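One structure is given below, encoded as C-alpha cells.
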Amino acid sequence: MAPRRVRGAGGVGGLLPRPALGRARSRPGRGAVGERDARRARPDPARAAEPGLPAPRRALQRLRRPAGARLGPGRLMAHGPAAEWTLTTSAWDARPEVAATLVLVAGAYAIGWSRLARRGEPVSRWRLAAAGAGVLSLAVALLSPLDRMAHASFAVHMVQHLLLIAVAAPLLLLADPFAALLWVLPSPLRAAAGHLLRPALPLRRLGLRLTGLPVAWLVGALVIWLWHLPIAYDAAVGDRVIHDVEHLAFFASAVVFWWPIVQPHPRLRPPASYGARVAYLVLAALQGGLLGLLLASSPSPWYRAYASVEDQSLGGLVMWGLGGAVDMLAVLVLMARYLASQDRATPPDRAGALDADRL
Numbered sequence: 001m002a003p004r005r006v007r008g009a010g011g012v013g014g015l016l017p018r019p020a021l022g023r024a025r026s027r028p029g030r031g032a033v034g035e036r037d038a039r040r041a042r043p044d045p046a047r048a049a050e051p052g053l054p055a056p057r058r059a060l061q062r063l064r065r066p067a068g069a070r071l072g073p074g075r076l077m078a079h080g081p082a083a084e085w086t087l088t089t090s091a092w093d094a095r096p097e098v099a100a101t102l103v104l105v106a107g108a109y110a111i112g113w114s115r116l117a118r119r120g121e122p123v124s125r126w127r128l129a130a131a132g133a134g135v136l137s138l139a140v141a142l143l144s145p146l147d148r149m150a151h152a153s154f155a156v157h158m159v160q161h162l163l164l165i166a167v168a169a170p171l172l173l174l175a176d177p178f179a180a181l182l183w184v185l186p187s188p189l190r191a192a193a194g195h196l197l198r199p200a201l202p203l204r205r206l207g208l209r210l211t212g213l214p215v216a217w218l219v220g221a222l223v224i225w226l227w228h229l230p231i232a233y234d235a236a237v238g239d240r241v242i243h244d245v246e247h248l249a250f251f252a253s254a255v256v257f258w259w260p261i262v263q264p265h266p267r268l269r270p271p272a273s274y275g276a277r278v279a280y281l282v283l284a285a286l287q288g289g290l291l292g293l294l295l296a297s298s299p300s301p302w303y304r305a306y307a308s309v310e311d312q313s314l315g316g317l318v319m320w321g322l323g324g325a326v327d328m329l330a331v332l333v334l335m336a337r338y339l340a341s342q343d344r345a346t347p348p349d350r351a352g353a354l355d356a357d358r359l
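Reading the sequence shown from the start, the letters are residues 1 to 359 in our numbering.
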C-alpha cells in the first residue's frame, strides 16, 4: 500500500505513513519540541521550595519526601554497565567470593563455639548473637541492594561505610572470635597459631603497637580522611577492585580502632583507664563530625560520581549524626561499666559506713 501524505508535513515527512508521524499538526500553546522538553524539566523540589536555604537544610527537607523521590534513578559505576537500580531482590549482588567468605567465617565460629562448649568452656550466648549480627551487617553492607544504591547516592554510601566501621567491626570483636576460630583448626595448626602470639615474636609486637590508644586512633582517622579525598573516592566508585580495597581498609582500620575499647582475646596489653577510653571516643566523634560537617556545608560537590549537593549534604549529616551516635553509645557503656566496677570495688562494711555518714 502506498504511503499517504500527511497534511501539514512537508519534505521527508510527507513520505512517511501516518502512524510513524502521529499527529503532525501543531497545537496552540505547545510550541516547538525543544520548548516542550524544557517545560517538562522540573527543578529539584527541595531546591525549588526554598532556594535560599543552605545545603544542609535542603538535605533535611529531602528526608520528608518519599525514598524514591529523594534518591531517584541512579547510575551504576563500579558494578559494570550503567543501569538504573531498583530496590528489589534482583538487586542483591551475586558475589560468590564475598558470600562464601561470610559463610565460612560464620560456620567456623559456630563449630569452634560448639567445641569449646563440649570442653566445658562455652562462649556466652550474647557473644554468639554478636557474631551473627556482625556477619549479617557485613552481608547487608556488601551484598544487599544497599551496595548498588551506594553508587547512585552518596548518603547511602555513607550508611554502607558506617555499617562496616561502626557496626560490623565492634560486633565481631564483641563476639571474641579468636578462641572459637582457633578451635576449628587441627591440633598442630592450633599450636602453631598460638606460638605466633608469643610476646617475643614480631606478630605480637606489631599487635601491641597497633592497639595502643594513640596509634589505633590515628589509624582509624587517617584511613577515613584519606579515602574521602576526591581522587581516592572517585577512583573507588569507578573501579570494582579499588572499591573492594577501600572497604577492606575501612573494616581493617575499624578493627584496629575498636580493639582497645572492646579488649577481645588475645589480650595484647592491659586495658587503658576508663577516662582515657572515653576521651579516645569523644575525640573520634569530633574528627568524624568535622568531616561530616565539611561535606554537609560544602556549596559544591566534592566527587564527580555524585552531582547532587543535597545528596552530599545528607551524606555528611549521616556521617556526623549516626557515626557520632555510635561513639557516644560506646561512651555510655564505658561509663556504666565504670560505675559498676566502682560498686564492686567498695567493700560491704565501707559501703555501710558511707550510708551511715549520709544519714
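We put the beta carbon where it would ideally sit given N, CA and C, even for glycine.
This one's a predicted model, so the numbers in the text were calculated from it and none came from an experiment.
* **Inter-residue Cα distance where the pair is S341 and D176** => 21 angstroms
* Using the Cα positions of Q312 and P301, report the straight-line distance between them to the nearest angstrom. => 7 angstroms
* Does the stretch 314-323 come close enough to the stretch 279-290 that 3 or more CB-CB pairs lie under 8 angstroms? -> Flag = yes, the stretch 279-290 and the stretch 314-323 touch.
* Asked: Any idea what DSSP makes of R204, helix, strand or coil?
  -> helix
* Asked: Is the Cβ-Cβ distance between A249 and W227 less than 8 angstroms?
  -> A249 is a Cβ neighbour of W227, given a cutoff of 8 angstroms.
* **Distance between H243 and M158 (C-alpha atoms, nearest Å)** => 14 angstroms
* Q287 - containing alpha helix (DSSP H), residue span -> Y274 to S297
* Residue nearest to H161 in terms of C-alpha spacing, selected from L138, L182, G207 and I261 -> H161 has its Cα closest to that of L138, out of L138, L182, G207 and I261.
* **Three-pair Cβ contact test at 8 angstroms for the stretch 135-155 versus the stretch 183-194** => no
* Asked: Using CA coordinates, which residue listed in Y109, A155, D327 and A276 is at the minimum distance from A179?
  -> Y109
* Asked: For R198, which residues of its own chain have a beta-carbon under 8 angstroms away from its beta-carbon, when the five flanking residues on both sides are left out?
  -> R204
* Rounded C-beta distance between A369 and L185? I'm assuming under 8 angstroms. -> Any property of residue 369 remains undetermined from this structure, which presents the chain solely from 1 to 359.
* To do: Output yes or no for whether 8 angstroms exceeds the beta carbon distance between A216 and W259.
  => yes
* T86 versus L143 - alpha carbon distance -> With a pLDDT of only 46 at T86, under 50, the local geometry of the prediction cannot be trusted, and the value read off the model is given with reservation. The straight-line gap from Cα to Cα measures roughly 14 angstroms.
* Asked: Of all the CB atoms in chain B, is at least one closer than 8 angstroms to the CB of A193?
  -> Absent from the structure: chain B. Only one protein chain is present.
* Asked: Three-state secondary structure (DSSP) at P264?
  -> coil
* **4-residue-minimum alpha helix (DSSP H) runs that sit fully inside the stretch 88-174, ordered along the chain** => 96-118, 125-143, 145-149, 154-162 and 169-174
* To do: Spatial neighbours of A232 within its chain, please: CB distance less than 7 angstroms, with the 5 preceding and 5 following residues excluded, ordered by chain position.
  => L226
* CA nearest to the CA of A166, picked from M335, L329 and L339 -> L329
* Quick one: is P170 buried, meaning 16 or more other Cβ sit within 10 Å of its Cβ, or exposed? -> Counting other Cβ atoms within 10 Å of its Cβ, P170 reaches 16 or more and is therefore classed as buried.
* **Rounded Cβ spacing between S106 and A141 (contact assumed at less than 8 angstroms)** => Per the sequence presented here, residue 106 reads as Ala, with Ser not at that position. That pair is no contact at about 15 angstroms.
* Asked: By Cβ distance, which residues of its chain are closer than 7 angstroms to R27, with the 5 residues on each side in sequence left out?
  -> Residue confidence for R27 is low, a pLDDT of 44 falling below 50, so the modelled location carries little weight; the figure read from the coordinates is stated next. For R27, where only same-chain residues beyond five positions count, there are no Cβ hits under 7 angstroms.
* **CA-to-CA distance, A94 to A284, given in whole angstroms** => 35 angstroms
* Can you grab the Cα-Cα spacing for the pair S124 / L317, in whole Å? => 36 angstroms
* Secondary structure of P177, DSSP reduced to three states -> helix
* Determine the closest residue to A221 out of F257, L104 and L196, with distance taken between C-alpha atoms. => F257
* Distance between R119 and D234 (C-alpha atoms, nearest Å) -> 51 angstroms
* To do: Output the distance between the C-alpha atoms of Q263 and A252, rounded to the nearest integer angstrom.
  => 16 angstroms
* Report yes if the C-beta distance between V219 and L206 is below 8 angstroms; otherwise report no. => no
* Put S187 into one of helix, strand or coil per three-state DSSP. => helix
* To do: Starting from P230, follow the alpha helix (DSSP H) in both directions and report where the run begins and ends.
  => P230 to G238
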